[in-house]
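Undergrad: Chain order of the listed sequences is A and B. All the letters of the first sequence, read from the start, carry residue numbers 61 to 415 under this note's numbering. All the letters of the second sequence, read from the start, carry residue numbers 339 to 492 under this note's numbering. Every residue gets a Cβ at the ideal spot worked out from N, C-alpha and C, and that includes glycine. Note that the coordinates shown come from a computational prediction; the quantities given were computed from them, not determined experimentally. To start, I am sharing the structure in question, which I have written as structure tokens.
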Amino acid sequence: MRDGIRGAAFALTLLAVAHAPTVAAQNAFIIFPEASLTHQSVKHSGSYEDGRGVVGVSLFYAYDSDKVRFLGEAILHTDEQEIERLQAGWRVQPQTTLWLGRYHNPLIHWNTLFHHGTYLQQSISRPSITAFEDDGGVMQTHLTGGLLEGAAPIGAGELGYALALGVGSDLDINNTLEPRLLFAPHGKRTLNTSARISYRADAFNDNKEAGLLFNRSDIFSEKLPAQDIQQAITGGYLHWEWKQLRLLSAAYWVHSVISLGAQDTSATFGNGYAQLEYGGEQNWGVFARTEGTWGGNSDAYLSIFPDFVRHRNLVGVRYDFMRRQALKLEISNSQVQDGSQRAVTLQWSGGFPFP
Amino acid sequence: MKFAQWLIGLCCTAWLTCAMGDNLACGERRIVLVSGSQSSVQQLSSTEVRKLFMGFPVNQRGQYIVPVLNLSDTLLYEVFLQKVVFMSAPSYERRVMSRTFRQGDARPLKMTTQRTLSETLHTNPVAVSFMWKEDAHGKPDLKIVQEPCRNLEE
């Protein structure tokens, strides 16, 4: 897969460089450094306590001219290094772009808002249903293929849409979702289609938005006997800001059909989260989030991911200082398939754009 | 009685502060949006200007306009935040950064001296920036494409 990513990076970089810069062409480079310390108390298959630290940086580059666009995002963390997004785009209309490359699945709106820029989100952690594949996520967060994104004005607001068609993830031998590339030498290239339609009450404000989400995909499994999971996901989200308060919420229904030779087994589980934040433009902010799963105990697909956080409650505080840096503290209580865990995390993060 | 006096005093102070703030932005020293005199950019609406500096693409006759932040005067930048984008500096900078990070849209260019700003407006036919109206008036190589204070009066 790394060879595939290198090939894609090389091809897209050539495409961007080959396009002669015009007067309107601009570059942007943003660095998001972070350092976290977590102490957790785990109670399943024995009880233990441990602590861990993660230091890393997310690097982002964008090139934007009249028509041709390019963006890339890579993370370099002590526990992970990966190219997360690598997209070349053609601006069809002022607010409509056709992208080709590796991108974040528009099905998961939290990731569309924050990607890997931890500094931009009020909390330290992200809801478990939005977790990336290599963090034990149950949904396909990365796609490689085409993405059409756009918006049309409606009064003071706008109607937004995103249509994605690409290759998603396979379930590897360790029961972890592994994103594939179009020209990956192994795995079964099954198509993943996603759609998002949204309404924003104020075109300038991302925090007054509601939307519907749809996804249809086949997941190839290296471990299951029949090697095929058909999945249909529907969902919705509501982000609303009212004075100093902001609500980030979403709900998903995941229907999976697992082929087991002559018989199929199907089940549906639901998952949702609501994060309430207080602070707005102040230096200090507090937040709380609750996450829940319904029908998870009888769902064959979810049972493949025993470490998936099914329920979680957390509270936290954020302090912004020196314009582009933040210190956050988060305390959480989570439940997984066979146990529970409590965690306290302290994090420093920043966001530094150039130029 | 004391509370009533305190309340009247507070209201007077608030009114004076608002009135002085408004006078600063829309009184003797007014902010205007400018482009080079040879520029193809035509008059812009206040919504288009806000959209432009928030990082949204604004197209005029097939050409995308390039926003240029004039950071040569701290007070001017504060008035720009107050009268053009309607938000505080940290919020504005965070929102523009979020938009770039999310969708790859270009960030506004930043000019920290009058000389580099003039050069940019002169050489880039689709660049739009802001300055004090009194500074723009004496310069034949500039044209005003929007006056936020005139819109407020109308």
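Please classify K389 (chain B) as buried or exposed, where buried requires at least 16 other C-beta atoms within 10 Å of its C-beta.
TA: K389 (chain B) is buried by the Cβ-count criterion.
Undergrad: Straight-line CA distance for E140 (chain A) to T178 (chain A)?
TA: C-alpha separation (whole angstroms): 15 Å.
Undergrad: Name the one or two DSSP bridge partners that D278 (chain A) has.
TA: Beta-bridge pairing links D278 (chain A) to A:Q290.
Undergrad: Under 6 Å Cβ to Cβ from A292 (chain A), same chain only, skipping five residues before and after it: list those, please.
TA: Excluding sequence neighbours, A292 (chain A) sits near R276, H315.
Undergrad: Among A:P413, A:Q407, A:G295, A:P415, which one has its Cα closest to the Cα of T98 (chain A)?
TA: The residue with the shortest Cα to Cα distance from T98 (chain A) is A:Q407.
Undergrad: Chain A beta carbons: is any one of them nearer than 8 Å to that of S375 (chain B)?
TA: Not closer than 8 Å to any Cβ of chain A, the Cβ of S375 (chain B) fails to qualify, so no.
Undergrad: What are the start and end residues of the alpha helix (DSSP H) that includes L459 (chain B)?
TA: Counting along the chain, the alpha helix (DSSP H) containing L459 (chain B) begins and ends at 452-461.
Undergrad: May I ask you to list the residues that DSSP assigns as paired with A311 (chain A)?
TA: Paired residue(s): A:G296, A:G332.
Undergrad: Please state the DSSP three-state secondary structure of F174 (chain A).
TA: Residue state, collapsed to three classes: helix.
Undergrad: Compare the Cα-Cα distances from D124 (chain A) to each of A:Q147, A:T190, A:A134 and report the closest residue.
TA: With distances taken between Cα atoms, D124 (chain A) lies closest to A:Q147.
Undergrad: Would you mind sorting M382 (chain A) into buried or exposed? The rule is 16 or more other CB atoms within 10 Å of its CB.
TA: Per the 10 Å Cβ criterion, exposed.
Undergrad: Would you identify the three-state DSSP class for E485 (chain B), choosing helix, strand or coil?
TA: Here E485 (chain B) sits in coil by DSSP.
Undergrad: If you follow the alpha helix (DSSP H) that V387 (chain B) is in, where does it begin and where does it stop?
TA: Where V387 (chain B) is concerned, the enclosing alpha helix (DSSP H) stretches over 384-391.
Undergrad: From the DSSP output, which residues share a beta bridge with S185 (chain A)?
TA: Beta-bridge pairing links S185 (chain A) to no other residue.
Undergrad: Any idea if A80 (chain A) is buried or exposed, counting beta-carbon neighbours within 10 angstroms, 16 or more meaning buried?
TA: The predicted model places A80 (chain A) with a pLDDT of 42, which falls under 50 and marks its position as unreliable; any figure quoted below should be read in that light. A80 (chain A) comes out exposed.
Undergrad: DSSP has M449 (chain B) in a bridge; who is on the other side?
TA: In DSSP, M449 (chain B) forms a bridge with B:N408.
Undergrad: Name the chain A residues that come within less than 7 Å of N397 (chain B), Cβ to Cβ?
TA: Correct list: P154.
Undergrad: Measuring alpha carbon to alpha carbon, tell me which of A:N234, A:A261, A:R186 ends up nearest G220 (chain A).
TA: Cα-wise, what sits closest to G220 (chain A) is A:A261.
Undergrad: Consider the Cβ of G217 (chain A): report whether some Cβ of chain B lies at a distance smaller than 8 Å.
TA: Answer no: the Cβ-Cβ gap between G217 (chain A) and chain B never drops below 8 Å.
Undergrad: Go ahead and pull the three-state DSSP assignment for D110 (chain A).
TA: It is a strand residue.
Undergrad: Quick check: the Cα distance between C487 (chain B) and R367 (chain B), rounded to an integer number of angstroms?
TA: Spanning the two alpha carbons is a distance of roughly 10 Å.
Undergrad: Closest to A224 (chain A) by CA distance: which of A:A212, A:F192, A:T325, A:T204 is it?
TA: The shortest Cα separation from A224 (chain A) among A:A212, A:F192, A:T325, A:T204 belongs to A:T204.
Undergrad: Could you check the C-alpha separation between D479 (chain B) and K471 (chain B) for me, to the nearest Å?
TA: Cα to Cα, the separation comes out at about 14 Å.
Undergrad: Hey, quick one: how far does the beta strand (DSSP E) through V152 (chain A) stretch, first residue to last?
TA: Note, V152 (chain A): beta strand (DSSP E), 140-153.
Undergrad: Once you ignore the five residues that flank W302 (chain A) on each side, which residues in its own chain have a CB closer than 6 Å to its CB?
TA: None.
Undergrad: With DSSP as the reference, label M469 (chain B) as helix, strand or coil.
TA: Correct three-state label for M469 (chain B): strand.
Undergrad: Just how far apart, CA to CA, sit V404 (chain A) and N393 (chain A)?
TA: When rounded, the distance between both Cα atoms is 9 Å.
Undergrad: Select from A:Q153, A:S229, A:E193, A:V114 the residue whose C-alpha is nearest the C-alpha of G210 (chain A).
TA: Checked all of A:Q153, A:S229, A:E193, A:V114; the closest Cα to G210 (chain A) is A:Q153.
Undergrad: Pick helix, strand or coil for D360 (chain B), following the three-state DSSP scheme.
TA: Any reading at D360 (chain B) is ruled out, since the residue's pLDDT is 49, under 50, leaving its predicted position unreliable.
Undergrad: Who are the neighbours of L180 (chain A) on chain B, taking C-beta pairs under 8 Å?
TA: By Cβ distance, chain B contributes R432, M435, S436, F439.
Undergrad: Which residue wins for smallest C-alpha separation from P213 (chain A), given the options A:Q200, A:T156, A:Q86, A:G149?
TA: Residue A:T156 is the option with its Cα nearest to P213 (chain A).
Undergrad: Locate the alpha helix (DSSP H) running through P428 (chain B), then write down its first and last residues.
TA: 427-441 is the span of the alpha helix (DSSP H), which, as asked, contains P428 (chain B).
Undergrad: Output, in chain order, the set of chain A residues within a Cβ distance shorter than 8 Å of R388 (chain B).
TA: Chain A residues near R388 (chain B): F264.
Undergrad: Rounded to the nearest angstrom, what separates D110 (chain A) and R402 (chain A) at their Cα positions?
TA: Distance between the alpha carbons of D110 (chain A) and R402 (chain A) is about 11 Å.
Undergrad: For chain B, check one thing: does any of its Cβ atoms lie closer than 8 Å to the Cβ of P81 (chain A)?
TA: Caution is warranted here: a pLDDT of 45 is assigned to P81 (chain A), below 50, making its placement in the model unreliable, and the coordinate value is therefore given only provisionally. P81 (chain A) does not count as touching chain B.
Undergrad: Which same chain residues, not among the five before or five after S373 (chain B), have their C-beta less than 7 Å away from its C-beta?
TA: Hits under 7 Å: V379, L459, A465, V466, K481, V483.
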